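**Q**
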Amino acid sequence: MIAIVFPGQGSQFIGMGKDLSISFPEARKVFEEVDDTLEQNLSKIMFEGSNEELTLTENTQPAIMAVGMAVIMILKKRGHGISSISNVLAGHSLGEYTALAASESLSIRDTSLLLKARGRAMQDSVPKGKGSMAAILGLSINQVINIITDFKLKEKVFPANDNADGQVVISGLKSDVEESLEIFLKNGAKKALKISVSAPFHCPLMNHAKDVIKETLDGITLKVPLVPVLSNVTVQSTSSVNEIKDNLVNQVTEMVRWREIMVELNSRGVSNFYEIGTGSVLSNLAKRSCPSFSRKSINNQSSVEDFLTSLET
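Here you go:
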């Protein structure tokens with residue numbers, strides 16, 4: 299069994315996708331399509347812009363998707379369609395949108411528009427500088443939830459990402475998150491580190507974004523995915539386009555259940571795990587959650603060429 303996964307926010311960097319654009323016309327076409335759809339030169343920001351501009355959520359999200367889809371289109375052009383190289387797909391947060399685009403449930407155009415709207419709405423949900431996120435290392439999700447309950451932190455901080463055993467991310471208003479860090483450290487956390495983000499993602503503070511995403515999705519047609527895509531919300535796949543839409547709407551305020559997705563992939567018999575897009579965050583998490591997986595990150599010219607060689611031998 300082969301799983302292909304797509305990264306979320308935080309894996310962006312200046313220069314992302316540039317070598318793919320230079321080396322592969324299919325990749326260049328994807329970047330041009332995203333630029334045209336969004337009516338902005340996003341590829342220039344990706345290739346040679348400022349870090350400040352790239353890390354704006356409304357730019358980061360479509361940019362990360364574009365790199366993932368550039369690789370997918372390179373593979374497809376060479377006869378390796380998504381259904382021939384994978385049995386199941388997943389993506390971390392915005393990566394779920396990339397997975398749906400890779401499975402041809404969403405077009406690249408519609409995915410670009412959705413992620414632009416999603417990113418802008420998430421940024422606008424909480425005033426700039428008021429929200430925060432932090433990584434709690436060394437505690438399980440259940441331990442984090444128990445501490446939140448025991449120390450009356452409910453409605454102040456929220457579990458946002460259950461990434462792996464011992465790696466949980468919390469969200470909330472900046473003052474509440476900062477006040478909670480000492481509590482987690484005194485109750486077993488090895489580290490409690492603030493994360494540099496522009497908003498407190500995956501918590502009820504994102505309700506405004508939830509409304510925007512629902513409205514945007516209502517104007518978009520989804521198709522049944524060619525390959526099952528696991529939801530961040532349910533940890534399952536569905537062939538119902540209405541359920542897919544509901545999951546995407548709910549995803550913005552719900553916790554990313556990535557550790558459980560890894561468990562699900564393992565239970566389905568996955569042995570080969572490919573991360574397509576920028577960085578190797580998900581491959582590193584898989585090393586912790588599912589050490590038996592054979593893992594590869596495919597994110598630049600050389601790794602794409604290596605992957606193509608492995609497919610053709």
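With the sequence shown counted from 1, adding 298 to any position gets you the numbering used here.
Built from N, CA and C at the ideal position, the CB exists for glycine as well.
Please read all numbers here as calculations on a predicted model, not as lab measurements.
(1) Beta strand (DSSP E) containing Ile312: first to last residue?
(2) Would you check if the region 436 to 454 and the region 399 to 417 touch, i.e. whether three or more CB-CB distances between them fall below 8 Å?
(3) Please say whether Ile596 and Ile574 have beta carbons closer to each other than 8 Å?
(4) Going by C-alpha distance, which of Glu331, Ile372, Ile481 is nearest Asp604?
(5) List the endpoints of the continuous beta strand (DSSP E) containing Pro457.
(6) Using DSSP with H/G/I as helix, E/B as strand and the rest coil, what is Ala432?
(7) If you draw a straight line from the C-alpha of Leu515 to the C-alpha of Lys375, how long is it?
(8) Val365: which of Thr611, Lys414, Phe304, Lys585 sits nearest, CA to CA?
(9) Report yes if the C-beta distance between Leu437 and Phe482 is below 8 Å; otherwise report no.
(10) Would the beta-carbon of Ala288 fall within 8 Å of that of Leu340?
(11) Could you pull the start and end residues of the beta strand (DSSP E) that Asn570 belongs to?
(12) Could you check the C-alpha separation between Val510 and Ala415 for me, to the nearest Å?
(13) Report buried or exposed for Gly315, applying the criterion of at least 16 other Cβ atoms within 10 angstroms of its Cβ.
(14) Under 8 Å between the Cβ atoms of Met431 and Ile468?
(15) Which residues in the same chain have their Cβ closer than 6 Å to the Cβ of Pro523, if we skip the five residues on either side of it in sequence?
(16) Under a three-way DSSP split, which group does Ile518 fall into?
(17) Determine the burial state of Met363: buried for a count of at least 16 other Cβ atoms within 10 Å of its Cβ, exposed for fewer.
(18) Using only CA atoms, which one of Asn357, Thr536, Lys327 lies nearest to Gly308?
**A** A quick look at the data gives this:
(1) Against the sequence shown, residue 312 aligns to sequence position 14. Neither: Ile312 is in no beta strand (DSSP E) and is coded neither H nor E.
(2) no
(3) Your numbering for residue 574 matches position 276 in the sequence shown. Your numbering for residue 596 matches position 298 in the sequence shown. A contact, by the Cβ cut-off of 8 Å.
(4) What you label residue 604 is simply residue 306 of the sequence shown in a count that begins at 1. For Asp604, the nearest C-alpha among the options comes from Ile372.
(5) Translated into positions along the sequence shown, residue 457 becomes position 159. Run containing Pro457: 455 to 462, per the beta strand (DSSP E) assignment.
(6) Translated into the one-based positions of the sequence shown, residue 432 becomes position 134. Strand at Ala432.
(7) Reading the sequence shown from its first residue, position 217 is the one you call residue 515. Reading the sequence shown from its first residue, position 77 is the one you call residue 375. Straight-line Cα distance between these residues: approximately 29 Å.
(8) What you label residue 365 is simply residue 67 of the sequence shown in a count that begins at 1. Ranking the options by Cα distance to Val365, first place goes to Phe304.
(9) Here the question's residue 437 lines up with position 139 in the sequence shown. Here the question's residue 482 lines up with position 184 in the sequence shown. Yes, Cβ-Cβ distance for Leu437 and Phe482 is below 8 Å.
(10) Because the chain spans 299 through 611 in this model, residue 288 falls outside it and cannot be assessed.
(11) As a position in the sequence shown, residue 570 is number 272, starting the count at 1. Counting along the chain, the beta strand (DSSP E) containing Asn570 begins and ends at 570 to 574.
(12) Your numbering for residue 510 matches position 212 in the sequence shown. Your numbering for residue 415 matches position 117 in the sequence shown. The straight-line gap from Cα to Cα measures roughly 7 Å.
(13) Taking the sequence shown and counting its residues from 1, one reaches residue 315 at position 17. When all chains shown are included, Gly315 counts as buried.
(14) In the sequence shown, counting from the first residue as 1, residue 431 sits at position 133. In the sequence shown, counting from the first residue as 1, residue 468 sits at position 170. Result yes, Cβ atoms of Met431 and Ile468 sit closer than 8 Å.
(15) The residue labelled residue 523 in the question sits at position 225 within the sequence shown. Result list for Pro523: Ser401, Ser403, in chain order.
(16) Position 220 of the sequence shown, counting from 1, holds the residue named residue 518. Note: Ile518 maps to coil in three-state DSSP.
(17) By 1-based counting over the sequence shown, the position of residue 363 is 65. Classification of Met363: buried, given that the 10 Å Cβ count is 16 or more.
(18) By 1-based counting over the sequence shown, the position of residue 308 is 10. Here the closest residue by C-alpha is Asn357.
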